[in-house]
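Participant: Below are the structure tokens for one structure; questions will follow.
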Amino acid sequence: MVGFYSVRKLIEARKLSDSLVAREIDVTLYPSVSGARITLLNWHKLDRHYDFDTPEQGSLRVGLLCHQFVHSYVFTPGFSVVGELDTILFASDWERKKRLHSIELGTIVDLFVDVGNDYPSSVNLVWNENKGDYDVISS
907 MVGFYSVRKL
917 IEARKLSDSL
927 VAREIDVTLY
937 PSVSGARITL
947 LNWHKLDRHY
957 DFDTPEQGSL
967 RVGLLCHQFV
977 HSYVFTPGFS
987 VVGELDTILF
997 ASDWERKKRL
1007 HSIELGTIVD
1017 LFVDVGNDYP
1027 SSVNLVWNEN
1037 KGDYDVISS
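Residue numbers for the sequence shown follow our numbering, so the first one is 907 and each next one is one higher.
The structure is reproduced here in structure tokens:
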């Protein structure tokens, strides 16, 4: 979670290239079971709230992925059949009633390595009269 918070801070400070920030990261989605009431007292009972029999492949842009982690309502490790940590299951406070996300640890590691090696070489500032500030384009 701290790693994703750090990436989000780098995004907000415009320290990462736009191409990295726009990257789509693969996740697995588990739809919520109709009528599931996910609360502070039962959020951890994932098998009651989400349909693990019908996973869907999806993706999240890096910024939205960070948001999901930072504002996670559901956040728990996932383990392989031999008991090895291999995924993180998560859903933000506003997504928890729709779906649960799962991301592989290797995908997280790859993203953090790419963030650590991302050094934007140019920045273009364009004045935006509507917001009274500059639009920043990093590459």
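The C-beta atom is built at its ideal place from N, Cα and C for all residues, glycine as well.
Let's test the definition: count the other Cβ atoms within 10 Å of the Cβ of Q963 and tell me whether it reaches 16, buried, or not, exposed.
Facilitator: That one is exposed.
Participant: Could you check where the alpha helix (DSSP H) with I917 kicks off and where it finishes?
Facilitator: Residues V908 to E918.
Participant: Would you call T945 buried or exposed, if buried means 16 or more other Cβ atoms sit within 10 Å of its Cβ?
Facilitator: It counts as exposed.
Participant: Just curious, the beta strand (DSSP E) that L1031 is in, first and last residue?
Facilitator: Looking at the DSSP string, the run of the beta strand (DSSP E) that includes L1031 is V1029 to N1034.
Participant: Using DSSP's beta-bridge definition, name the partner residues of A997.
Facilitator: A997 is bridged to V980.
Participant: Would you call the stretch 1020–1034 and the stretch 978–985 touching, i.e. three or more CB-CB distances under 8 Å?
Facilitator: As far as the Cβ criterion goes, the stretch 1020–1034 does not touch the stretch 978–985, which means the pair count is below three.
Participant: Return helix, strand or coil for V933, following the three-state DSSP convention.
Facilitator: Three-state DSSP puts V933 in a strand.
Participant: Over what stretch of residues does the alpha helix (DSSP H) that includes G964 continue unbroken?
Facilitator: Unbroken run through G964 is the beta strand (DSSP E), E962 to R967; no alpha helix (DSSP H).
Participant: Roughly how many angstroms separate the alpha carbons of I1014 and S925, rounded to a whole number?
Facilitator: Looking at the two C-alpha atoms, the distance is approximately 17 Å.
Participant: Quick check on the DSSP output: the beta strand (DSSP E) that includes I1043 runs from which residue to which?
Facilitator: First-last of the beta strand (DSSP E) with I1043: D1039 to S1044.
Participant: State the start and end residues of the unbroken alpha helix (DSSP H) segment that holds R954.
Facilitator: Taken as a continuous stretch (DSSP letters only), the alpha helix (DSSP H) holding R954 covers L952 to H955.
Participant: Please list the terminal residues of the continuous alpha helix (DSSP H) segment that includes I1014.
Facilitator: Unbroken alpha helix (DSSP H) run through I1014: L1011 to G1022.
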